[in-house]
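The sequence shown begins at 140 in the numbering used here and counts up one residue at a time.
Structure record follows, encoded as structure tokens.
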Amino acid sequence: MKKLFFLFSIFISLNIFGQDINGVWADSSSSSFTNPTAVFAIKNDSVYMTHYVEFNGHPFVEHGIGTIKGNQLHYKVFVTVQVPDWTTTQGEHVLTLSEDGNTLRGFFKDNSGNSGPIVFKRKLPISKNLNGTKLD
């Protein structure tokens with residue numbers, strides 16, 4: 140019984156942290172935004188992200204840190220460059236990775252009372268060179 144529990148624990152651990160989310164993603168939440176790019180990095184059970192997007196030509200930059208459990212990311216974001224007249228300075232994102240590993244979908248909410256859907260589509264994995272070979 141102990142052997143079975145040990146093997147089950149290893150299997151669960153590998154599946155929890157086995158998601159390859161590292162890479163460059165495009166924010167596809169709204170057509171009001173241009174030049175959308177997000178970079179996600181996973182280390183153990185932590186997620187780190189940086190997000191750049193333009194709204195009517197004005198840059199918006201935020202960075203975040205949080206956790207990943209299974210296929211779900213939950214992280215707090217901090218705005219470092221605001222769009223003029225926006226009052227958002229922080230918020231949170233909760234995202235779920237799709238089965239095919241190419242879409243992160245969920246919601247955002249911020250300290251100004253805004254909330255809504257958020258979607259990122261995979262652009263480029265960090266774990267591979269541009270020619271497709273794995274990095275060591």
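Think of the CB as a built atom: it goes at the ideal place given N, C-alpha and C, for glycine as much as any other residue.
Remember, it's a predicted structure, so these values are computed and weren't measured experimentally.
Close Cβ partners of residue i (< 6 angstroms) along its chain, the five nearest in sequence each way excluded
i, result
"His190", "Ala177 and Glu201"
"Thr227", "Val218, Asp249 and Ser251"
Extent of the continuous beta strand (DSSP E) to which residue i belongs
i, result
"Pro256", "Ser254 to Pro264"
"Val178", "Phe172 to Lys182"
"Glu193", "Ser185 to Phe194"
"Gln221", "Counting along the chain, Gln221 falls outside any beta strand (DSSP E), and DSSP gives it neither H nor E."
"Ile207", "His197 to Lys208"
Contacting residues, own chain, Cβ-Cβ under 8 angstroms from residue i (five flanking each side not counted)
i, result
"Ala180", "Asn161, Val186, Tyr187, Met188 and Ile265"
Beta-carbon proximity list for residue i, same chain, < 7 angstroms, skipping 5 on both sides
i, result
"Pro223", "His197"
CB of residue i within 8 angstroms of CB of residue j, strictly
i, j, result
"Ser167", "Lys260", "yes"
"Ile207", "Asp239", "no"
"Gly252", "His232", "no"
"Thr88", "Gln211", "Absent from the model: residue 88. The displayed extent of the chain is 140 to 275, so no value can be given."
Buried versus exposed call for residue i [16 or more other C-beta atoms within 10 Å across all chains shown]
i, result
"Asp249", "buried"
"Leu263", "exposed"
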